[in-house]
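Just so you know, my numbering puts 150 at position 71 of the sequence shown, and the rest follows in order with no gaps. Glycine residues also receive a C-beta, built at the ideal position from the N, C-alpha and C atoms. Each remark here refers to the structure printed beneath this line.
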Amino acid sequence: MKGYQIAYILKRKDPKLYEEARKIKEAYGLKWDEAIKIAKGEIPEPLKLNEISRKLADLENEIKTIKEDFEDIKVTLKFKVEKCKYVDDEGYCTKYPWIGKRDNWKVREDIVRGRLVYHVKVAENRFLCLGCPYFKLKKFA
Ligand code: SF4
């Protein structure tokens with residue numbers, strides 16, 4: 080049975096539901112069968128164009144804020160890596176060695192108290208400095 084036939088039957092059997100479906104059909108430019116399903120609550124109502132625009136604008140603002148925050152983090156990390164007294168001339172953190180390492184970390188192996196450890200090249204893995212509480216400003220001559 081075609082959508083308009085279903086609508087015709089619905090109009091006779093349930094005029095209130097028919098009217099609801101008709102409004103939805105006109106508001107969203109849908110076919111009868113889709114409009115009837117929405118009126119019955121079987122499928123959700125589609126978003127209107129202005130709702131989509133508003134949601135996109137909200138999303139755009141959120142992305143903008145995230146980008147700004149990320150830029151601030153990058154500036155902070157650059158500062159920490161450039162100014163921390165524990166970064167050596169080659170860009171490695173000498174404050175605390177790591178027992179394990181990740182494949183994407185650039186490291187320099189070292190033996191500390193007979194144990195193999197890794198010094199991370201923070202100049203290339205700046206995020207390690209992000210939450211580090213040991214940052215100490217280097218003294219300049
Ligand atoms: S901020 Fe922390 S992790 Fe970064 S170089 Fe300094 S001591 Fe090392």
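In this structure, how does DSSP classify residue i when only helix, strand and coil are distinguished?
i           : result
residue 211 : coil
residue 216 : strand
residue 190 : strand
residue 126 : coil
residue 201 : coil
residue 109 : coil
residue 97  : helix
residue 175 : coil
Tell me whether the beta-carbon of residue i lies closer than 8 Å to the beta-carbon of residue j.
i           : j           : result
residue 170 : residue 200 : yes
residue 177 : residue 154 : no
residue 175 : residue 215 : no
residue 97  : residue 106 : no
residue 156 : residue 205 : yes
residue 114 : residue 127 : no
residue 209 : residue 145 : no
residue 203 : residue 185 : yes
residue 82  : residue 116 : no
residue 118 : residue 141 : no
Does the beta carbon of residue i fall short of 7 Å from some heavy atom of the ligand ZN?
i          : result
residue 98 : You won't find the ligand ZN in this model; what it holds is the ligand SF4.
* **For the ligand SF4, residues whose Cβ lies under 5 Å from any non-hydrogen atom** => 159, 163, 165, 166, 172, 174, 201, 208, 211, 213 and 214
* Every unbroken alpha helix (DSSP H) within the region 118-164, with a cutoff of 4 residues, ordered by chain -> 128-162
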